[in-house]
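Working notes for the structure below.
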Amino acid sequence: MAQEDVFKKLVAHCKEYGYVFQSSEIYDGLSAVYDYGQYGVELKNNIKKYWWDSMVLLHENVVGIDSAIFMHPTIWKASGHVDAFNDPLIDNKDSKKRYRADVLIEEQLAKIEDKIQKEVDKARKRFGEAFDEQQFRTTNARVLENQQKWDELHQRFSNALNDSNLEELKQIIIDNEIACPISGTRNWTDVRQFNLMFSTEMGSTADGAMKVFLRPETAQGIFVNYLNVQKTGRMKIPFGIAQIGKAFRNEIVARQFIFRMREFEQMELQFFVKPGTELDWFEQWKTTRMKWHQALGFGAENYRFHEHEKLAHYANAAVDVEFRFPFGFKEVEGIHSRTDFDLSQHEQFSGKKLRYFDPELNESYVPYVVETSIGVDRMFLQVISAAYHEEEVTGANGEKDIRTVLRIPAVLAPVKLAVMPLVKKEGLPEKAREIIDHLKFDFNCQYDEKDSIGKRYRRQDAIGTPFCVTVDHQTMQDNTVTIRYRDTMEQERVPVENLRDIISGEVSFRRLFEKLK
Ligand code: GAP
534 MAQEDVFKKL VAHCKEYGYV FQSSEIYDGL SAVYDYGQYG VELKNNIKKY
584 WWDSMVLLHE NVVGIDSAIF MHPTIWKASG HVDAFNDPLI DNKDSKKRYR
634 ADVLIEEQLA KIEDKIQKEV DKARKRFGEA FDEQQFRTTN ARVLENQQKW
684 DELHQRFSNA LNDSNLEELK QIIIDNEIAC PISGTRNWTD VRQFNLMFST
734 EMGSTADGAM KVFLRPETAQ GIFVNYLNVQ KTGRMKIPFG IAQIGKAFRN
784 EIVARQFIFR MREFEQMELQ FFVKPGTELD WFEQWKTTRM KWHQALGFGA
834 ENYRFHEHEK LAHYANAAVD VEFRFPFGFK EVEGIHSRTD FDLSQHEQFS
884 GKKLRYFDPE LNESYVPYVV ETSIGVDRMF LQVISAAYHE EEVTGANGEK
934 DIRTVLRIPA VLAPVKLAVM PLVKKEGLPE KAREIIDHLK FDFNCQYDEK
984 DSIGKRYRRQ DAIGTPFCVT VDHQTMQDNT VTIRYRDTME QERVPVENLR
1034 DIISGEVSFR RLFEKLK
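Using this note's numbering, the first residue of the sequence shown is number 534, and each one after it goes up by one.
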């Protein structure tokens, strides 16, 4: 199945099984805003717990905060967002559709990469075991020609971004014959800058009202509290402040479901270090964060680092962690070495000193900062994309069937186990409820008695429940049940009193955290 079709199915599945709904759906929806349903919110909470505990529990020098969404408007002047938090936009005059000029060019680069990859895949099939990818990439004429095209375009694009050269961005679009996907024409407007911050007014009277912004990142709430936390927590450098919270951006092109939203959630860490040590810490956090992603078991080949074409105004090093979504490799997380830019700016604009007195050096300085910033929603999409599988299975009657299963890592799964009485009589429902009453303090359990057992298994597979426990007549005799494992579909008979241990082992955050060592 084409990856585009897989993605469409995934989006439909998220709606059908209570994971993600379009916001304000009964009013025809609100573009790029989404609501999380009964299972979606559980998965989201589990993702947040994984991130939070891996930061705050596992690092004794990291603490958390929860700052307000509204902040003093001068903060956004100091941070550079009022003047520089822009995307370059371009309109197609025929379709009247608006695009990000940089994204159009990135998509062109991705098309060339795809061409190269197709050649490589074809050759791998042809040569089998003997295939030497490195040699092929450096000698095959078609690959070399495309690689040269890619290098030239990439270089030109980087230069245009670094120089904020909007005319050159348009020229690149024209020279590369990039057409609007809707109208198919190359009838483009000039490229203009568009500020992404939402604003509103605070205060009751028009005269007294103050223009405030909905924060476009949670990071600034950490910077302006840095000294509060350092002093009250008696934190010593190096130390970090973590935060999870909503952020808002008026994205020009909001596409690909929850990948790019106008209201979303971030999990950010600002790690304060001694000036001059920031690039070492940057490397350490790169390793730590990649481990965090890969510990979920979605395959190391599905991740890569991507160096930025253009460093943000505050950074002296920056890299993205990219994941292979059904629509290609895309950013899930950004890791930036932000220098002392933010704290110095806040010193200047607030007139308050934000220095750290280093007892070892016996001097004060403005700390440097390494940031890790990941979107909860993008992480959610990563998990769901990796988990979604359609597989052919053979039913009890020998007929082939398609099973749709979410292979969500058990530790993140919204529902850990479903307990099902084989029939709705003879004391089986009561026994099933008794088992749930016993386990519900430890796990999110679901009771299910409707339809045949086969249909119930499929329903649980579709929401990603890792364990199904069936109560039958034998249970009433010997207090044993069958436990069915989602991924292998194997079943085994176990005593009821063993259930907690079997499930605990699989859903334990501890086991996941041990992989991060
Ligand atoms: N404080 C740094 C910062 O905000 P960013 O690269 O703009 O950096 C960090 O954003 C992460 O936030 C991204 O890697 C992505 O996961 C998430 N993110 C950013 N914009 C988003 C959007 N419109 N919708 C969903 N997630 C978004």
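We treat Cβ as the ideally placed atom computed from N, Cα and C, and that holds for glycine.
For residue j and residue i, believed in contact at Cβ under 8 Å, the rounded distance
{"i": "Phe781", "j": "Glu798", "result": "Rounded, the Cβ-Cβ distance is 10 Å, inconsistent with contact."}
{"i": "Ala951", "j": "Gln979", "result": "5 Å"}
{"i": "Val762", "j": "Val865", "result": "Contact doesn't hold; Cβ gap of about 27 Å is too wide."}
{"i": "Tyr901", "j": "Val806", "result": "5 Å"}
{"i": "Ile649", "j": "Gln680", "result": "6 Å"}
{"i": "Met588", "j": "Ala775", "result": "4 Å"}
{"i": "Tyr990", "j": "Leu876", "result": "Actually they are not in contact, since the Cβ atoms of Tyr990 and Leu876 sit about 55 Å apart, beyond 8 Å."}
{"i": "Ser870", "j": "Leu812", "result": "6 Å"}
{"i": "Val786", "j": "Arg940", "result": "Their Cβ separation, rounded to whole angstroms, is 31 Å, which puts Val786 and Arg940 out of contact at 8 Å."}
For residue j and residue i, the rounded distance between their alpha carbons
{"i": "Val938", "j": "Met800", "result": "28 Å"}
{"i": "Lys577", "j": "Lys548", "result": "15 Å"}
{"i": "Asp891", "j": "Glu558", "result": "54 Å"}
{"i": "Gln827", "j": "Ser737", "result": "50 Å"}
{"i": "Glu1023", "j": "Ile1036", "result": "15 Å"}
{"i": "Tyr1018", "j": "Leu972", "result": "17 Å"}
{"i": "Asp599", "j": "Phe746", "result": "18 Å"}
{"i": "Gly573", "j": "Val553", "result": "6 Å"}
{"i": "Glu842", "j": "Gly809", "result": "23 Å"}
{"i": "Arg911", "j": "Asn835", "result": "15 Å"}
{"i": "Thr1008", "j": "Ala545", "result": "38 Å"}
{"i": "Lys885", "j": "His879", "result": "8 Å"}
{"i": "Glu537", "j": "Glu924", "result": "18 Å"}
{"i": "Glu840", "j": "Gly778", "result": "26 Å"}
{"i": "Ile969", "j": "Arg936", "result": "26 Å"}
{"i": "Glu904", "j": "Arg767", "result": "21 Å"}
Assigned secondary structure, residue i (DSSP; H/G/I helix, E/B strand, else coil)
{"i": "Phe797", "result": "strand"}
{"i": "Pro962", "result": "helix"}
{"i": "His879", "result": "helix"}
{"i": "Lys949", "result": "coil"}
{"i": "Gly766", "result": "coil"}
{"i": "Arg1017", "result": "strand"}
{"i": "Leu729", "result": "coil"}
{"i": "Lys973", "result": "coil"}
{"i": "Ala775", "result": "strand"}
{"i": "Arg631", "result": "strand"}
{"i": "Val636", "result": "helix"}
{"i": "Thr671", "result": "helix"}
{"i": "Thr1003", "result": "strand"}
{"i": "Phe540", "result": "helix"}
{"i": "Thr1008", "result": "helix"}
{"i": "Phe664", "result": "coil"}
{"i": "Arg871", "result": "strand"}
{"i": "Tyr550", "result": "coil"}
{"i": "Val676", "result": "helix"}
With 16 other Cβ atoms within 10 Å as the buried cut-off, status of residue i
{"i": "Thr751", "result": "buried"}
{"i": "Pro859", "result": "buried"}
{"i": "Ile917", "result": "buried"}
{"i": "Gly773", "result": "buried"}
{"i": "Leu961", "result": "buried"}
{"i": "Arg793", "result": "buried"}
{"i": "Ile707", "result": "exposed"}
Any chain B beta carbon closer than 8 Å to residue i
{"i": "Tyr847", "result": "Given the protein chain composition of this structure (a single chain), no chain B is represented."}
Continuous alpha helix (DSSP H) assignments of at least 4 residues falling wholly in the segment 697-722: 699-708
Completely contained beta strand (DSSP E) runs for the segment 552-625, where each covers 3 or more residues: Qualifying beta strand (DSSP E) stretches, in chain order: 553-555, 567-569, 595-598 and 619-624.
Minimum length 3: unbroken beta strand (DSSP E) runs contained in the segment 781-865: For the beta strand (DSSP E) assignment, the uninterrupted runs of no fewer than 3 residues enclosed by the segment 781-865 are, from N- to C-terminal side, 796-806, 836-840 and 850-858.
Completely contained alpha helix (DSSP H) runs for the segment 895-959, where each covers 4 or more residues: 909-920
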